[in-house]
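FYI, my numbering numbers position 152 of the sequence shown as 155, with every residue one higher than the one before it.
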Amino acid sequence: MKEVAHPLMLAVLAALTLTGCGKAPEPTPASQPTTASPTTTPAPQQAAAEPLGDPEKRLNLFCWSEYVPQEIIDTFTKETGISVSTESYASNEEMLAKLLAGGGTYDLIQPSEYVIEGLIKENLLIPIDHAAIPNMKNLAPEFTNMSFDPGNKYSIPYMAGTVGIVVNTELVQDDIKSYNDVFQSKFSKNIVVLDDAREIVGWGFDTLGIPINDVTDENLEKVKPILAKWLPLVKVFDSDSPKTALLNGDVALGIVWGGESAILINEDKKFKWIVPAEGAHLFVDNLAIPKTATHVKNAQLFMNFLLRPDISAKISDAFPYLNPNAAARELLTPAQRGNPASYPTADELATMQTFKDIGEQATKVDELVTSQKAQ
Ligand code: N2P
Numbered sequence: 004m005k006e007v008a009h010p011l012m013l014a015v016l017a018a019l020t021l022t023g024c025g026k027a028p029e030p031t032p033a034s035q036p037t038t039a040s041p042t043t044t045p046a047p048q049q050a051a052a053e054p055l056g057d058p059e060k061r062l063n064l065f066c067w068s069e070y071v072p073q074e075i076i077d078t079f080t081k082e083t084g085i086s087v088s089t090e091s092y093a094s095n096e097e098m099l100a101k102l103l104a105g106g107g108t109y110d111l112i113q114p115s116e117y118v119i120e121g122l123i124k125e126n127l128l129i130p131i132d133h134a135a136i137p138n139m140k141n142l143a144p145e146f147t148n149m150s151f152d153p154g155n156k157y158s159i160p161y162m163a164g165t166v167g168i169v170v171n172t173e174l175v176q177d178d179i180k181s182y183n184d185v186f187q188s189k190f191s192k193n194i195v196v197l198d199d200a201r202e203i204v205g206w207g208f209d210t211l212g213i214p215i216n217d218v219t220d221e222n223l224e225k226v227k228p229i230l231a232k233w234l235p236l237v238k239v240f241d242s243d244s245p246k247t248a249l250l251n252g253d254v255a256l257g258i259v260w261g262g263e264s265a266i267l268i269n270e271d272k273k274f275k276w277i278v279p280a281e282g283a284h285l286f287v288d289n290l291a292i293p294k295t296a297t298h299v300k301n302a303q304l305f306m307n308f309l310l311r312p313d314i315s316a317k318i319s320d321a322f323p324y325l326n327p328n329a330a331a332r333e334l335l336t337p338a339q340r341g342n343p344a345s346y347p348t349a350d351e352l353a354t355m356q357t358f359k360d361i362g363e364q365a366t367k368v369d370e371l372v373t374s375q376k377a378q
């Protein structure tokens, strides 16, 4: 191993929230560090005697905010007796910073594809025992064996989706098609966007026709003037719940997660979803077990539980992203499957790239956005 700063140790983000992963009104407190077992020697005979999980009935889940409904967690606890502590994050970088700082104990995390790629490279994930996840068969074939983790050795897709534009058509009559249409001075302080540096730089790259993964110093310089123009126009940076500012009428338009927009569309027909003309990207968020996990069997039990069609469909009811679980999708209503913000068309999907691990350049992406936000 190289003796340099960890390539995944990105700029540590200040605000680390301790809310649950769903919409639980009362956030579950962060996991209490469980008293570490005095020995780390594996005990295979114990494993055989405990087919239904680890001897300790606990699971520490570190997930995206508004992604795993509390009801689903409660059902798992009821069925297995395993109590789940949840902590949530609003960006991959926030999750990584916390994971790599080593302060918490996490048994299950939800990184996006580019982060899975980096974590595998750095040998920071535990291989998944496929025999423990029979429900993997429910995944749509196109969401298995993806390039960031061939053979799903370390990760299993949880939800996917894209990022696009939402317009409150009662407040904006213009035909908004592109990122540049959003960032017009007439919409100054009337815009909400995700608080996510990789996303924001990606939109700038799309606007310049630069592939989203060509994150060279030169390209970051090129995108700087665009961000300098765009970011001062933003009223709210919010990755947790960008729909809120739109629902409250605090802003008239925004660039948000597809699932957030799907909720808005269901809520009120005045909201319109637009896939940006410059291009959008597909994200695939996955379940993975970090090397430092202490309840690996419980994590796998939970993975398998989340892949159950009835459970996965309930997750889609609460958080309508693109569900990679084909068996669960069959349980959704035509309206759910037809929500354009959840399910891009085949044509749209065909043009979508995915983010790739960019190693140490990630720090520069973060610094660029932070500096332009501060202008
Ligand atoms: C859910 C966040 C969506 C994840 N609140 C984006 N990768």
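The C-beta atom is built at its ideal place from N, Cα and C for all residues, glycine as well.
Member of G121, L102, W260 whose CA lies at the smallest distance from the CA of I112: Nearest C-alpha to I112 among G121, L102, W260: L102.
Sheet register partners of T165 (DSSP bridge): L285, per the DSSP bridge assignment.
Grab me the residues of W233's own chain with a C-beta within less than 7 Å of its C-beta, minus the 5 sequence neighbours each way, in chain order. Exclusion of the five residues before and after W233 leaves F186 as the residues of its chain whose Cβ lies within less than 7 Å of its Cβ.
So for K317, helix, strand or coil by DSSP? Looking at K317 - three-state DSSP - the assignment turns out to be helix.
Sorry if obvious, but does the Cβ on D288 come closer than 6 Å to a heavy atom of ligand 1? Yes, the Cβ of D288 comes within 6 Å of a heavy atom of ligand 1.
Where does N342 sit, in a helix, a strand or coil, going by DSSP? Reduced to three states, the DSSP call for N342 is coil.
Is it the case that the segment 155 to 165 contacts the segment 243 to 254, given that we only count it when at least three CB pairs across the two stretches are under 8 Å? Too few Cβ pairs lie closer than 8 Å, so no.
Measure the C-alpha to C-alpha separation of V368 and Q73 and round it to an integer number of angstroms. If you take the alpha carbons of V368 and Q73, they lie about 33 Å apart.
Between D57 and N289, what straight-line distance do the alpha-carbon atoms span, to the nearest angstrom? When rounded, the distance between both Cα atoms is 22 Å.
Using the rule of at least 16 other Cβ atoms within 10 Å of the residue's Cβ for burial, across every protein chain shown, is N148 buried or exposed? N148 should be labelled exposed.
Do N141 and A330 count as a contact pair if the criterion is CB distance below 7 Å? Judged by beta-carbon spacing, N141 lies within the 7 Å limit of A330, meaning their Cβ atoms are closer than that value.
Report the three-state DSSP secondary structure of K273 (helix, strand or coil). Here K273 sits in coil by DSSP.
Just mark H284 as buried or exposed, buried being the case when its beta carbon has 16 or more other beta carbons within 10 Å. By the neighbour-count rule (16 or more Cβ atoms within 10 Å), H284 is buried.
Is G70 near ligand 1, judged by its Cβ being under 6 Å from some heavy atom? According to the sequence displayed, residue 70 carries Tyr and not Gly. In this structure, Y70 has its CB closer than 6 Å to one or more heavy atoms of ligand 1.
With respect to the beta strand (DSSP E) encompassing I75, which residues constitute its N-terminal and C-terminal limits? Counted as a single uninterrupted DSSP element, the stretch harbouring I75 is not any beta strand (DSSP E) but the alpha helix (DSSP H) occupying residues 73 to 83.
For G386, which three-state DSSP category applies? Outside the displayed range of the chain (4 to 378) lies residue 386, so it cannot be described from this structure.
Look at the alpha carbon of H133 and the alpha carbon of Y157, and state the distance between them as a whole number of angstroms. The alpha-carbon of H133 is positioned some 10 Å away from that of Y157.
Per DSSP, the bridge partner or partners of C66: C66 is bridged to S91.
Tell me the residue span of the beta strand (DSSP E) that contains F240. For F240, the uninterrupted beta strand (DSSP E) segment begins and ends at 237 to 240.
Close Cβ partners of Q378 (< 8 Å) along its chain, the five nearest in sequence each way excluded: Cβ neighbours of Q378 beyond the five flanking positions: A231, L234, P235.
From what residue to what residue does the alpha helix (DSSP H) around G257 run? Counting along the chain, no alpha helix (DSSP H) covers G257; the unbroken beta strand (DSSP E) around it starts and ends at 256 to 260.
Proximity test, W206 beta-carbon vs ligand 1 heavy atom, cut-off 6 Å: The answer is no for W206.
What residues in its chain sit with their C-beta under 6 Å from that of A255, if we drop five residues either side in the sequence? Cβ neighbours of A255 beyond the five flanking positions: N171, L174, V175, N193.
Under the three-state DSSP convention, the category I268 falls into: In the structure shown, I268 adopts helical secondary structure according to DSSP, grouped into three states.
Please look up how many angstroms separate the CB atoms of G262 and F322, rounded, as I've assumed it's under 8 Å. The C-beta separation of G262 from F322 comes to about 5 Å, placing the pair in contact by the 8 Å criterion.
Reduced DSSP category for Q364 - H, G, I as helix; E, B as strand; rest coil: Note: Q364 maps to helix in three-state DSSP.
Measure the alpha-carbon distance for V239 versus T336 and round it to whole angstroms. Rounded to whole angstroms, V239 and T336 show a C-alpha spacing of 33 Å.
Once the 5 residues before and after I136 are set aside, which same chain residues still bring their CB inside 8 Å of it? Counting only Cβ-Cβ distances below 8 Å, and skipping sequence neighbours, we find I159, Q303, M306, N307, L310.
Consider the C-beta atom of S115 and the heavy atoms of ligand 3; say whether any pair is separated by less than 6 Å. In terms of ligand content, the structure shown lacks ligand 3 and carries ligand 1 instead.
So, do the segment 269 to 282 and the segment 292 to 299 have three or more beta carbon pairs nearer to each other than 8 Å? Under the Cβ criterion (8 Å, minimum of three pairs), the segment 269 to 282 does not count as touching the segment 292 to 299.
Would the beta-carbon of W276 be found less than 6 Å away from any heavy atom of ligand 1? W276: no, Cβ never under 6 Å from ligand 1.
Taking only heavy atoms of ligand 1 into account, decide whether any of them is closer than 6 Å to the Cβ of W260. Because some heavy atom of ligand 1 lies under 6 Å away, the Cβ of W260 counts as near it: yes.
Measuring CB to CB, does V226 end up less than 7 Å from V204? Taking C-beta atoms as the reference points, V226 and V204 count as a pair closer than 7 Å.
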